[in-house]
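All remarks here apply to the structure that follows.
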Amino acid sequence: MKEQSLVHLSGIYKSFSDVHVLKNVNFDVKAGEVHALMGENGAGKSTLMKIMAGIYERDKGTITVKGKDVHFSNPKEAEEMGIGVVHQELNIIPYLTMTENLFLGKELAYGKTGILRTNEMRKRTKNALQQLGVELHPDAVAGELSVGQQQMIEIAKVLETNSDCIIMDEPTAALTDREIEALFTVIEKLKQQGVGIVYISHRMEEIFQICDRISVLRDGDFIGTKIVKETNFDEIVSMMVGRQLGERFPERQAKIGPERLRVEGLSRKELFEDIHFDVKQGEILGIAGLMGAGRTEIMEAIFGYKKKDGGTIYLDGKPLNITKPSDAIAAGLAFVTEDRKDKGLVAGMTVRENLTLTNLKAVSNGGVISASEEQKETERLIKKLHVKTSGGEQIVKSLSGGNQQKIVIGKWVNNQPKVLILDEPTRGVDVGAKKEIYQIMNELTEQGVSIIMVSSELPEILGMSDRILVIHEGKISRILDRKEADQEKIMHAATGGM
Amino acid sequence: MSASTRKISIFQKLGPLIGLVIILIVLSILSPEFFTLTNILNVLRQVSINALIAFGLTFVILTGGIDLSVGSMLALSGAITAGLMAGGTDPVIAMLAGLAAGTVMGAINGIIISKGKVAPFIATLATMTIFRGLTLVYTEGKPITGLSDDMSFVWMGRGYFLGIPFPVIWMLLAFAVLWFILKKTTFGRRTYAIGGNEEASLLSGIKVGRIKVMIYSLTGLLSAFAGIILTSRLNSAQPTAGTAYELDAIAAVVLGGTSLSGGKGWIFGTLVGALIIGVLNNGLNLLNVSSFYQQVVKGGVILLAVLIDRKKAA
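Protein chains in written order, with our numbering: chain A, 1 to 498; chain B, 1001 to 1314.
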């Protein structure tokens, strides 16, 4: 351990009101290494990262950057010391171009005139994007790009600042496989340049592919640091959850019954065409495909959230007339959206208010909500879904990602749907919560619920689905049975092969 | 974390009330006439019209919308009631027609906003002008007088019950009913949800469009109600009645702590906000402050209140 740490945190404590979020945490990043920070949702990773980046102030402990004691009171100070952050949440202004977003707040100008050096900025944007392997015009408007491409702007933004230490919070969550490969190449390059990287991710495969060391937090406690070459998947998982997790995908005893939902000839101009499939009672149908293949749009059209040009949806053999989400819900459909912040939750409302929102009728009489019944229902769901919360009155915004996801699923379970559509149900969710979500899926199918699961994680698709539908550029490319499916076949179909 | 959020919200809730109490104490010290029963009842009566409008606006603003047409709806509904009455229609029927007119105007706002997908500010800016124009057309620009002296109409604005002016009773009744709706019913919950996250609400099966139409209709109804009370009090309908009333109503909602971006707020705050504005108007009159300065003070208080609120939120 001769090399000097770029950033060294020791004995860090932090609490919000009475909740201790970090207790005596030690963490350091060396030049030229990728150091993974792992832990379940709510373990304190984000808080630790925000303390490093100057967004929060620590309660106790010391931070040194290149040997100097520092005390950041805002992100700007951290940035000046060479610490850059790629945030999980996108900070993109949709109406501005790539270039304008990249140089936002640090525009290049001729001296102090305020006149912009547009061409210079455009050139540097182009370089940064090229480095990331993204073939996009620097004048492309950010709002018209895919989430993955927008994420690339965020990464390019930090590269542009020439930081010595870069914190990446779930940088690959919205990226396609090709974009991930490009990002890893860049990370490799940065390592050689002596940049230290803090890498936060829930994807184990990635961590073991690119990281040098792994530190694990659990419930705010520092559990330990391991060198990647000397550890393995199971050891890290048990450090994270504090117990043996067992099988990643729990066993399922669902009996698959007759056809429940059938979709025929579903089309929407320029998005998808002639989509046809069926789901049986108690079955899980996995929907695989690349980002942007049209999977989410198909689900939104089935649910009546977005228009369709043509096609019919049958439930138990009878055609449905769905023009808006409330029609779909009335018919027995439920939809856990991909984007829980914008479409899944009312973030400023409480856990209770969110859980009962889809089915207020069940806890009300003639339009008047029964406080006691609502309370009972809330407690039942919190318990059933193992939501980690101080209670029904907690504001949803302050929950961790995994627990927020459980609330989104919970509000639909409460509705006792016949068909549950899940769009990326475990994105940004830690292993423990993931398994709990799988268990909930299994329970539901045992009760005869049909599940349609859109997912970009192939292990999840393979581990959970009875059948797999692969979408390529808005069309069905292949339908695979669980027994015959493997990663190669799915990827082949998803990229356009047969 | 939740503990702190709740503490802030209680403090934020009490803020407007503390402000009101301070203004009451200061005015009581400065003017001996202020804290008398007659004057307090007088203030309450003055407040009632703004409060009724502001109650409706609270729902609108909770969904993240705005309604600038409240003053025009008030004027047209009052004029229709007065016009029918002057033409010999039974006063009860005339008043019901006025209320119906207000509700329809509100519904039109709601339909333009939810079905036409027009921003509430623009939609109601347009209808504000249209409804005002229609009022001028209907009244030919002249006040409508010679109204019924039937008690049912006279009571609306001029009557007393146990010494309390009827408008005050209407205000308190409306408050009680609307408080219940907002706090205890599915309709109220959905109002908050739409303001908190419209997309998530839609995807949760809430008929967002229908609820918005209902909310704007409710605001129309309450504006019409205020218009009828005003017509009764003045014993005439003025074509320019209610001009710029939307500003006092919006100020009352905001003073009460309801967020203009929607999702957060409560109707009790609006009542307190309307009282603050009413008490200020009255107190400054009693202190013989020139009406020009009154505007400066009123604007200053609103600004101060919002600044304090921002500070707490930060």
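All C-beta atoms, glycine included, are put in the ideal place defined by N, C-alpha and C.
From the options, residue whose alpha carbon lies closest to that of residue i
i	options	result
T223/A	I214/A, E230/A, T426/A	Just to set this straight, residue 223/A is Ile in the shown sequence, not Thr. Out of I214/A, E230/A, T426/A, I214/A has the C-alpha closest to the C-alpha of I223/A.
V141/A	D430/A, F184/A, P94/A	P94/A
L261/A	K269/A, S398/A, I284/A, V241/A	I284/A
K418/A	F208/A, V279/A, F184/A, S267/A	V279/A
A1075/B	K1142/B, V1118/B, I1112/B	K1142/B
S1152/B	F1035/B, S1077/B, A1101/B, R1233/B	R1233/B
Q439/A	K308/A, R252/A, D486/A	R252/A
F1225/B	L1030/B, G1083/B, G1098/B	G1098/B
N359/A	I1308/B, P1239/B, L1203/B	L1203/B
A1274/B	L1027/B, V1043/B, V1026/B, I1308/B	V1043/B
E1246/B	T1219/B, S1028/B, T1191/B	T1219/B
L422/A	E300/A, Y199/A, G111/A	E300/A
K76/A	A53/A, Q193/A, V70/A, M464/A	A53/A
L159/A	D139/A, L183/A, H137/A	L183/A
K308/A	L266/A, A347/A, E338/A	L266/A
Cα-Cα separation between residue i and residue j, rounded to whole angstroms
i	j	result
M239/A	A173/A	23 Å
F233/A	V336/A	29 Å
F72/A	M81/A	10 Å
S1236/B	S1069/B	21 Å
I1008/B	V351/A	Since pLDDT at I1008/B reaches only 45, below the 50 mark, its modelled position is unreliable, and no value is offered.
T1127/B	P1120/B	10 Å
S1201/B	C165/A	41 Å
G428/A	L1182/B	35 Å
L90/A	I12/A	27 Å
A1193/B	Q405/A	18 Å
P250/A	E264/A	32 Å
V1047/B	N101/A	49 Å
K14/A	K23/A	7 Å
I167/A	G292/A	27 Å
F1180/B	P319/A	40 Å
D1149/B	L1230/B	15 Å
G311/A	R268/A	9 Å
A254/A	S1259/B	48 Å
S1002/B	N354/A	Legend: pLDDT at S1002/B = 38, less than 50; position of this residue unreliable, value from coordinates given subsequently. Distance between the alpha carbons of S1002/B and N354/A is about 15 Å.
K388/A	I395/A	12 Å
I287/A	M453/A	6 Å
I275/A	I476/A	6 Å
G1065/B	T1270/B	16 Å
T1038/B	T1063/B	38 Å
G1196/B	G67/A	46 Å
P459/A	S1261/B	42 Å
N26/A	H386/A	29 Å
N1288/B	K106/A	54 Å
Beta-bridge pairing of residue i - partner residues as DSSP gives them
i	result
T200/A	In the sequence on display, residue 200/A carries Ile and not Thr. Its beta-bridge partners are L37/A, D169/A.
E1198/B	In the DSSP output, where bridge partners are listed per residue, E1198/B has none listed.
P258/A	Looking at the DSSP assignment, P258/A forms no beta bridge with any residue, so it has no partner.
K23/A	D221/A
K475/A	H472/A
P1165/B	Y1160/B
F1187/B	Answer by DSSP bridge pairing: none, since F1187/B is not bridged.
I1315/B	This structure leaves residue 1315/B out entirely; chain B is present only between 1001 and 1314.
A334/A	L420/A
I63/A	L9/A
T350/A	I395/A
R268/A	F272/A
Note down, one range per segment and in chain order, each alpha helix (DSSP H) of at least 4 residues found wholly within the region 366-397 of chain A.
Taking 4 residues as the minimum length, the alpha helix (DSSP H) runs contained wholly in the region 366-397 of chain A are 371-384, in order along the chain.
At 3 residues or longer, and completely inside the region 276-322 of chain A: list those beta strand (DSSP E) runs for me, N to C.
Runs found: 284-289, 310-315, 318-320.
Contact set between the region 1169-1187 of chain B and chain A, restricted to residues whose Cβ is under 7 Å from the partner:
Of all residues in the region 1169-1187 of chain B, K1184, T1185, T1186, F1187 have a Cβ within less than 7 Å of some Cβ in chain A.
Contact set between the region 312-344 of chain A and chain B, restricted to residues whose Cβ is under 7 Å from the partner
Across the region 312-344 of chain A, CB contacts with chain B closer than 7 Å involve P325, S326, I329, F335, T337, D342, K343, G344, in sequence order along the chain.
Contained alpha helix (DSSP H) runs [length at least 4] in the region 1265-1302 of chain B, N- to C-terminal order:
Counting only runs of 4 or more, we get 1267-1286.
In the region 365-380 of chain A, which residues sit with their C-beta less than 7 Å from some C-beta in chain B, listed in chain order?
Flagged, chain order: G367, V368, I369.
Check distances from the C-beta atoms of the region 1098-1125 of chain B to those of chain A and list, in chain order, the residues that come in under 8 Å.
Those residues of the region 1098-1125 of chain B that come within reach of chain A (Cβ to Cβ, closer than 8 Å) do not exist; the list is empty.
Can you list, in chain order, the residues of the region 1198-1218 of chain B whose Cβ is nearer than 8 Å to any Cβ on chain A?
The region 1198-1218 of chain B vs chain A, Cβ under 8 Å: E1199, A1200, S1201, L1202, L1203, S1204, G1205, I1206, K1207.
What residues in the region 1247-1270 of chain B have a beta carbon less than 8 Å from any beta carbon of chain A?
Contacts with chain A (Cβ-Cβ distance below 8 Å) from the region 1247-1270 of chain B involve G1263, K1264, listed in chain order.
Output needed in chain order: residues of the region 54-80 of chain A with a Cβ under 9 Å from some Cβ in chain B.
Residues passing the 9 Å Cβ filter: none.
Within 8 Å of chain B by C-beta, residues of the region 401-416 of chain A in sequence order
Correct list: K411.
Within 9 Å of chain B by C-beta, residues of the region 421-452 of chain A in sequence order
Flagged: no residues at all.
Pull out every residue of the region 1031-1064 of chain B whose Cβ sits closer than 7 Å to any Cβ of chain A, in chain order.
Listed by position along the chain: nothing, the set is empty.
Contiguous alpha helix (DSSP H) assignments of at least 4 residues, all confined to the region 1062-1104 of chain B
You should have 1070-1086.
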